[in-house]
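Novice: My questions will all concern the structure given below.
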Amino acid sequence: MLEARQLTRRFGGLTAVDHVDFTLERGQILGLIGPNGAGKSTLVNLVTGFDRPDEGSVILDGHVLHGASPARRARLGLSRTFQRPRLIANVTVEQLLTGAAWIVGSPRWFVQSRPAAAAVERVLGQLALVSLRDAQVQELSSPSLRLVQIAMAVLTGCRYLMLDEPVAGLSAQDTERVGALVRSLAASGTGVLLIEHNVGFVRTLAERVLVVDRGRSIAHGPTADVLASRAVVDAYLGTETAPCH
Amino acid sequence: MVGRERLAPLWSLGLVAVALGAPFAIESSYWQGVMAAIAIWSIAAVSLAQAVNWMMRLSLMTPALMGLGAYAAAIAQVEHGWSFLPAAGIAALAAMVCAALVGLVAFRSSHWGFSIITFAANLILVNLSISLDDITHGPGGYAGIPPVQLFGRSLESGRSLYFLALAILAIQLCALWAWRRSVAGRSARIVGEDPQLAQALGIPCYSLQVCVFAALAAPVGIAGALYGSFRGVVSPELLGFTRIVDILAMVMIGGTKLLFGPILGAIAVTSLPEWLRFLGPSRDGVFGLVLILIVVLAAPRWRWRVSTLMGARS
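Going line by line, the protein sequences match chains A and B.
Be aware that the first sequence starts at 0, since it is given in numbering that gives the first Met the number 0, and climbs by one per residue.
Be aware that the second sequence starts at 0, since it is given in numbering that gives the first Met the number 0, and climbs by one per residue.
What follows is the structure, encoded as structure tokens:
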């Protein structure tokens, strides 16, 4: 189980994350929603070690991750994607994924291990990236690039995965594919934290939702209950009509 | 793009033919010596260019690593009677250990910090090479390095040393070519381009960078050993500031994208002053001007342009 306990981060006078708690079980999908600037990305940074909390702690399978680097956390099974897709120039998709799969199984310096190669093939298939295998990464369209980012994170073989707006700008078909991948990851025991503006996408996938606003956790519970609650509708959705992002 | 890539083997074959044929076409033993120097400097420049390409960090301590290798090999050969190959091994080891130690500190800091720390390390090693005169024989240099003995033959001519350096360069290029395609090489590429992404993927950035930096120092140390055998003497001048400028110019002219790019840089930087010898005292100034022209006019148009070194990314 991944547990965030009373996580707090202040930037000067602003409290970006204010005593937030959540738990994520393996195999579970937890939605994290909230308006822009609510502290969602900061929360993910705190959990994955890209930022240090002023208060609170992160507990991964019973171990308190005090000051562990992001790479160490990834090797312990906690990975993430970034909101802005990262670009590596002059490599093909397959080469990039090979490099990303470094820690799958035992690291091999030269020839890829069989489980790593199989994992690359599987994720290429799941995200319909097979045809782009030999494409240069810098020539990808931005939706494809987003899929490649997700593929890289999946290839760490993590047990807990934080996806930062994985379907922003994706077509309905690609959104569907990401959704199917998230479901299959959860089915195989990965806990997924889904940060999304697309409430519809969260509604179809997440069992539970955490809503943050101005750094505070304002609702946390089963998806249907949370999305129907008055406080959430007021703070995040603004209107009582069907939400759009 | 595809057409160019298909032409790459042809290009390489042509270059190999020129490299092998040149010392037979050029009779002058003086120019054969220049060619040996070009091959030796190419080894160091290729290593530096790959360090820039892989890690997006500019090391300014290549001359110190080369000098360290040269001194280590000289001492092993003169005082302990070792033959060249094991002495070159010691040179590689010395350069690797030094690079690893400096790397442990330098990779903790920013890109600029890295350059400054490596530059400072270079200064310290120059100073040590002068002041530790029990070991290095001081400012006059460590003399009396015997010619390379290989398989019972003595390689005294510029031509034979050229072929030895060329063989080492070829091994280095093959190793780097394989490294680019290896799993760790691809991970290292992610580390260089986007350390945050690499961290999120669990790639051990810091240790990988230190390892790569140390590994790339090995050929530089060997180049130093070759240089010592070639000149017969190693002096603190080999580690000095002008050498940093020379080797940077080689990498800037040759670029960091193509493996063999810095070899073109080494050819230009090593042979231009020789061609410009007729100019007399104004030679260095004209050489500087030619360098500026090459970098400003030619580099942006060349495919092996200096993009990574000059900050512009395609």
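C-beta: ideal position from N, C-alpha, C; glycine also.
1. Quick one: what does DSSP say residue 19 of chain A is sitting in, helix, strand or coil?
2. For chain A, is any of its Cβ atoms less than 8 Å away from the one on residue 198 of chain B?
3. Residue range of the beta strand (DSSP E) that residue 111 of chain A falls in?
4. Using a Cβ-Cβ distance cut-off of 8 Å, determine whether residue 186 of chain B contacts chain A.
5. Between the Cα of residue 89 of chain A and the Cα atoms of A:14, A:221, A:134, which residue gives the shortest distance?
6. What is the residue span of the alpha helix (DSSP H) that residue 251 of chain B lies within?
7. Is the separation between the beta-carbon of residue 261 of chain B and that of residue 33 of chain B shorter than 8 Å?
8. Only counting the same chain, and skipping five residues up and downstream in sequence, which positions put a Cβ closer than 7 Å to that of residue 68 of chain A?
9. Select from A:214, A:220, A:61, A:50 the residue whose C-alpha is nearest the C-alpha of residue 207 of chain A.
10. Going by beta carbon distance, what residues of the same chain come within less than 8 Å of residue 77 of chain B, once the five residues before and after it are set aside?
11. Taking the alpha-carbon of residue 183 of chain A as reference, which of A:163, A:63, A:170, A:158 has the nearest alpha-carbon?
12. Name the chain A residues that come within less than 9 Å of residue 132 of chain B, Cβ to Cβ?
13. Can you find a CB in chain E that lies within less than 8 Å of the CB of residue 41 of chain B?
14. Are the C-beta of residue 141 of chain A and some C-beta of chain B separated by less than 8 Å?
15. Pull up the distance between the alpha-carbon of residue 281 of chain B and that of residue 88 of chain B, whole angstroms please.
16. Could you check which residue in A:130, A:168, A:62 has the C-alpha nearest to that of residue 264 of chain A?
17. Can you tell me which of B:57, B:94, B:164 puts its alpha carbon nearest to the alpha carbon of residue 116 of chain B?
18. Is DSSP giving residue 153 of chain B helix, strand or coil here?
19. Using a C-beta cutoff of 8 Å, does residue 1 of chain A count as contacting chain B?
20. Near residue 78 of chain A, which residues of its chain fall below 7 Å by C-beta distance, leaving aside the five closest residues on each side in sequence?
21. Given this structure, state the Cα-to-Cα distance separating residue 221 of chain B from residue 26 of chain B, to the nearest angstrom.
22. Is residue 219 of chain B closer than 8 Å to residue 73 of chain B when the C-beta atoms are compared?
23. Would you mind working out which of B:288, B:200, B:259, B:279 sits nearest residue 38 of chain B, comparing C-alpha positions?
24. Tell me which same chain residues have a C-beta within less than 8 Å of the C-beta of residue 246 of chain A, skipping the five on either side of it?
25. Got a sec, what are the start and stop residues for the beta strand (DSSP E) residue 91 of chain A sits in?
26. For chain B, find out if any of its Cβ atoms is closer than 8 Å to the Cβ of residue 94 of chain A; answer yes or no.
27. Contact between the stretch 25–45 of chain A and the stretch 186–197 of chain A is defined here as three or more beta-carbon pairs at a separation below 8 Å; is this criterion met?
28. Any idea which residues DSSP pairs residue 162 of chain B with across the strands?
29. Interface residues of chain B around residue 90 of chain A at Cβ under 8 Å?
30. Using the C-alpha atoms, what's the distance from residue 60 of chain B back to residue 120 of chain B?
31. In angstroms, rounded to a whole number, what distance separates the CA positions of residue 180 of chain B and residue 17 of chain B?
32. Classify residue 309 of chain B as buried or exposed, calling it buried when 16 or more other Cβ atoms lie within 10 Å of its own Cβ.
33. Following the continuous alpha helix (DSSP H) through residue 167 of chain A, name the residue where it begins and the one where it ends.
34. By Cβ distance below 7 Å, which residues in the same chain neighbour residue 82 of chain A in space, the five residues on each side in sequence not counted?
35. Within 10 angstroms of its Cβ, does residue 284 of chain B collect 16 or more other Cβ (buried), or is it exposed?
36. Let me see if you follow: with CB-CB separation under 8 Å, is residue 345 of chain B close to chain A or not?
Specialist: A quick look at the data gives this:
1. Against the first sequence, residue 19 of chain A aligns to sequence position 20. Here residue 19 of chain A sits in strand by DSSP.
2. Numbered from 1 along the second sequence, position 199 holds the residue referred to as residue 198 of chain B. Closer than 8 Å to some Cβ of chain A, the Cβ of residue 198 of chain B qualifies, so yes.
3. Taking the first sequence and counting its residues from 1, the one referred to as residue 111 of chain A is at position 112. Premise fails: residue 111 of chain A is in no beta strand (DSSP E) and is neither H nor E.
4. Here the question's residue 186 of chain B lines up with position 187 in the second sequence. Among the CB atoms of chain A, one or more fall inside 8 Å of the CB of residue 186 of chain B.
5. Here the question's residue 89 of chain A lines up with position 90 in the first sequence. Minimum Cα distance to residue 89 of chain A is reached at A:134.
6. Translated into positions along the second sequence, residue 251 of chain B becomes position 252. Taken as a continuous stretch (DSSP letters only), the alpha helix (DSSP H) holding residue 251 of chain B covers 240–253.
7. Position 262 of the second sequence, counted from the first residue, corresponds to residue 261 of chain B. Position 34 of the second sequence, counted from the first residue, corresponds to residue 33 of chain B. No. Outside cutoff.
8. Counted from its first residue, the first sequence places residue 68 of chain A at position 69. Annotation for residue 68 of chain A: 48 place their beta carbon closer than 7 Å to its own, counting only its chain and skipping 5 residues before and after.
9. Working through the first sequence from its first residue, we reach residue 207 of chain A at position 208. When the alpha-carbon of residue 207 of chain A is set against those of A:214, A:220, A:61, A:50, the nearest one is in A:220.
10. On the second sequence, position 78 is the one that residue 77 of chain B refers to. The answer, listed in chain order, is 141, 143, 144, 145.
11. For the purposes of this step, residue 183 of chain A is identified with residue 184 of the first sequence, where counting begins at 1. Nearest option by C-alpha distance: A:158.
12. Here residue 132 of chain B is taken as the residue at index 133 of the second sequence, counted from 1. Residues of chain A passing the Cβ test: none, with the nearest at roughly 42 Å.
13. This model lacks chain E altogether, as its protein chains are A and B.
14. By one-based count along the first sequence, residue 141 of chain A stands at place 142. By this cut-off, residue 141 of chain A is not an interface position.
15. Here residue 281 of chain B refers to the residue found at position 282 of the second sequence. Here residue 88 of chain B refers to the residue found at position 89 of the second sequence. Roughly 41 Å separates the two Cα atoms.
16. The question about residue 264 of chain A has no answer here: the residues shown for chain A are numbered 0 through 244.
17. Translated into positions along the second sequence, residue 116 of chain B becomes position 117. With respect to the C-alpha of residue 116 of chain B, the residue from B:57, B:94, B:164 having the closest C-alpha is B:57.
18. If you number the second sequence from 1, residue 153 of chain B lands on position 154. In the three-state reduction of the DSSP assignment, residue 153 of chain B falls in the strand class, which pools E and B.
19. On the first sequence, residue 1 of chain A is found 2 positions in, with the first residue counted as 1. Interface flag for residue 1 of chain A against chain B is unset, since no Cβ pair is found closer than 8 Å.
20. For the purposes of this step, residue 78 of chain A is taken as the residue at position 79 of the first sequence. Cβ contact annotation for residue 78 of chain A (same chain, cutoff 7 Å, sequence separation greater than five): 152, 155, 157, 160, in chain order.
21. For this step, residue 221 of chain B is matched to residue 222 along the second sequence. For this step, residue 26 of chain B is matched to residue 27 along the second sequence. Distance between the alpha carbons of residue 221 of chain B and residue 26 of chain B: 27 Å.
22. Your numbering for residue 73 of chain B matches position 74 in the second sequence. Your numbering for residue 219 of chain B matches position 220 in the second sequence. For residue 73 of chain B and residue 219 of chain B, no; Cβs fall outside 8 Å.
23. Taking the first residue of the second sequence as 1, we reach residue 38 of chain B at position 39. The shortest Cα separation from residue 38 of chain B among B:288, B:200, B:259, B:279 belongs to B:259.
24. Because chain A in this structure spans residues 0 to 244, residue 246 of chain A falls outside the shown range and cannot be described.
25. Reading the first sequence from its first residue, position 92 is the one you call residue 91 of chain A. First-last for residue 91 of chain A: undefined, no H or E at that position.
26. Within the first sequence, residue 94 of chain A is the residue found at index 95, counting from 1. Yes, residue 94 of chain A counts as interfacial toward chain B.
27. Taking 8 Å as the limit for Cβ pairs, the verdict is that the stretch 186–197 of chain A does touch the stretch 25–45 of chain A.
28. Taking the second sequence and counting its residues from 1, the one referred to as residue 162 of chain B is at position 163. Note: residue 162 of chain B sits in no beta bridge, so no partner.
29. Sequence index remark: in the first sequence, residue 90 of chain A carries index 91 (1-based). Simply 185, 188.
30. Locating residue 120 of chain B in the second sequence gives position 121, counting from the first residue. Locating residue 60 of chain B in the second sequence gives position 61, counting from the first residue. The alpha-carbon of residue 120 of chain B is positioned some 7 Å away from that of residue 60 of chain B.
31. Within the second sequence, the letter at position 181 stands for residue 180 of chain B. Within the second sequence, the letter at position 18 stands for residue 17 of chain B. If I take the Cα positions, the gap works out to 27 Å.
32. Residue numbering aside, residue 309 of chain B sits at position 310 when the second sequence is read from its first letter. Note that residue 309 of chain B has pLDDT 42, beneath the 50 cutoff, so the model's placement of it is unreliable and the number below is only indicative. Of the other Cβ atoms in all chains shown, fewer than 16 fall within 10 Å of the Cβ of residue 309 of chain B; this residue is therefore exposed.
33. For the purposes of this step, residue 167 of chain A is identified with residue 168 of the first sequence, where counting begins at 1. Element bounds for residue 167 of chain A: n/a, residue is neither H nor E.
34. The residue labelled residue 82 of chain A in the question sits at position 83 within the first sequence. 40, 163, 164, listed in sequence order.
35. By one-based count along the second sequence, residue 284 of chain B stands at place 285. So residue 284 of chain B counts as exposed.
36. This structure cannot settle anything about residue 345 of chain B, because the visible part of chain B is limited to 0 through 313.
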